[in-house]
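Report on one structure; see the data block that follows.
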Amino acid sequence: MYSRFIIPLILFMPLLAISQIYNAGDTIYVWNIDGSPIYSEPNSNSGQISTLKHGTKAVVIEQKLKSQPFMIEVKNGFFIKGYWVKVSTNSTLGYVFDSDFSTINSNIKNENDRWSTLLQRFFGKRTDFKKIHRIAKYGDSDYEITDQVSTYENGTYTYTPFDGCFDHTYKFNNRSFNEVYHLMMNIYSVSMSLYGGRPIYQNTKEQTFIFSGTEATGEIHIKILKDGSIELFSYDCT
């Protein structure tokens with residue numbers, strides 16, 4: 019759960035990233051796996067009405083109630099940016115931190131299909147597939163590596179197997195940093211739950227946010243690319 023520690027955004031300019039923009043009337047869904055607190059006023063010190071569970075559908079009533087965005091600490095010094103928005107659900111009217119949400123549906127009917135279903139919603143339809151062969155040098159030896167690249171409406175997925183390990187590189191166009199962060203938590207936390215863990219923020223190097231994994235998934239990172247797209251990467255070994 020968020021610590022709800024709010025700080026002036028200007029102090030963390032290097033962490034700024036693309037954020038989603040909502041309009042009045044938009045239907046949005048809770049992506050925060052811990053749920054999203056809803057308040058009586060656009061202020062975390064106001065009375066908390068309840069916590070909207072993951073997957074809850076809400077309708078935006080009013081957006082950007084304060085023109086100045088703010089950042090909330092998620093955990094271990096990792097912050098995300100957002101605005102207060104007024105929303106309504108079937109039973110509640112109040113104010114939420116908009117970066118807990120996305121217009122993409124977060125509900126899953128079959129947990130076994132969570133990974134593929136959520137990625138498909140983020141990417142859209144696949145438009146191309148190709149294999150790229152290249153030579154990579156490890157130590158004093160050269161190895162042939164094959165990148166399997168799937169192109170989608172909203173990005174690309176590159177799968178690179180080598181010596182019992184696998185690189186997964188997801189590049190998302192038209193998606194915000196916060197959306198990709200919550201996608202990471204949704205798909206990796208479930209797989210890691212078997213080992214009692216979830217991705218844990220470690221540090222930031224320039225525009226790359228590094229998280230530790232557990233067991234087979236040793237490293238995960240989210241990177242803000244120069245063209246504004248967002249990269250999600252993981253390195254797995256069996």
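Heads up: the sequence shown begins at 19 in this note's numbering, then just goes up one per residue.
Glycine included, C-beta positions come from ideal geometry on N, C-alpha and C.
- If you compare the alpha carbons of Asn63, Val114, Val92, Asn41 with that of Thr74, the shortest gap goes to Val114.
- Along the length of the stretch 223–255, whole beta strand (DSSP E) runs at least 3 residues long occupy 226–230, 235–242, 248–255, reported in chain order.
- Around Asn191, the same chain offers Asn172, Gly173, Ser247 as residues with beta carbons nearer than 6 Å, after the five sequence neighbours per side are excluded.
- The beta carbons of Val78 and Ala42 sit closer together than 8 Å.
- Following the DSSP letters along the chain, one finds Thr176 inside the beta strand (DSSP E) bounded by residues 173–180.
- The residue from Leu243, Ile218, Thr176, Asn123 with its alpha-carbon nearest to that of Thr164 is Thr176.
- In this structure, Thr178 is the residue among Gly215, Thr178, Thr110, Asn123 with its C-alpha nearest to the C-alpha of Ile153.
- Distance from Ile46 to Ala76 at the Cβ level is roughly 6 Å; contact confirmed, criterion being Cβ atoms closer than 8 Å.
- Taken atom to atom, the span from the alpha-carbon of Val103 to that of Glu162 is near 51 Å.
- Taking a cut-off of 8 Å on C-beta distances, the stretch 47–55 touches the stretch 63–72, as three or more cross pairs fall below it.
- If you draw a straight line from the Cα of Glu80 to the Cα of Val105, it is about 7 Å long.
- Taking Gly95 as the centre and dropping the five residues before and after it, the same chain places the C-beta of Tyr219 closer than 8 Å to its C-beta, in chain order.
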